[in-house]
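Student: Here the sequence shown is numbered in full-length UniProt numbering, starting from 1 and rising by one per residue. The C-beta atom is built at its ideal place from N, Cα and C for all residues, glycine as well. Before we start, here is the structure in question, set down as structure tokens.
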Amino acid sequence: MTGIDSAKARAMIGKTVLAGMTYLDAQGNALEHRQMAGQVLRINDEEGVVLASAMDGEEVFLPPTLDHYTPAAPGDYTLRSMALTISDPDYLCTWDVHLAPGNDP
Numbered sequence: 001m002t003g004i005d006s007a008k009a010r011a012m013i014g015k016t017v018l019a020g021m022t023y024l025d026a027q028g029n030a031l032e033h034r035q036m037a038g039q040v041l042r043i044n045d046e047e048g049v050v051l052a053s054a055m056d057g058e059e060v061f062l063p064p065t066l067d068h069y070t071p072a073a074p075g076d077y078t079l080r081s082m083a084l085t086i087s088d089p090d091y092l093c094t095w096d097v098h099l100a101p102g103n104d105p
């Protein structure tokens with residue numbers, strides 16, 4: 001894994017991540033907010049951080065910038081968009097996705 005902190009990557013395998021994604025248009029206006037949660041399956045340069053979705057087990061791909069994954073405080077986290085509550089997740093992360101003109105989230 002080049003460019004990825006291999007020690008942190010190994011420590012994250014099997015851990016639960018809650019992610020928030022904000023999709024922005026070319027002018028910076030928020031178009032959509034998405035929330036997701038899942039268990040880390042693998043981390044590599046090609047795929048990034050790969051989660052098994054807490055909803056359906058499908059693979060979810062997140063950026064491999066591990067500094068964005070911060071330890072979560074203990075407690076219950078409700079993902080309103082998924083009608084799902086996750087207790088004591090391991091990591092939180094948020095991302096802004098800047099879309100090119102004409103692209104939809």
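In whole angstroms, what separates the C-alpha of G48 from that of D96?
Tutor: 16 angstroms
Student: Does the distance from the CB of I4 to the CB of P63 come in under 8 angstroms?
Tutor: No, the pair does not count as a contact, with Cβ atoms beyond the cut-off.
Student: Going by beta carbon distance, what residues of the same chain come within less than 8 angstroms of L99, once the five residues before and after it are set aside?
Tutor: The beta carbon of L99 is closer than 8 angstroms to those of Y23, L24, D25, A26, L31 and P105 in its chain, skipping five residues each way along the sequence.
Student: Between the C-alpha atoms of R10 and A52, what's the straight-line distance to the nearest angstrom?
Tutor: 16 angstroms
Student: Is it true that the CB of R42 sits closer than 8 angstroms to the CB of I13?
Tutor: yes
Student: Have a look at R34 and E46 and give me their C-alpha separation to the nearest angstrom.
Tutor: 23 angstroms
Student: Report the rounded CA-to-CA distance for N29 versus G102, giving the unit in angstroms.
Tutor: 14 angstroms
Student: List the endpoints of the continuous beta strand (DSSP E) containing M21.
Tutor: T16 to L24
Student: What does the Cβ neighbour count give for V17, buried or exposed, with the cut at 16 atoms within 10 Å?
Tutor: That one is buried.
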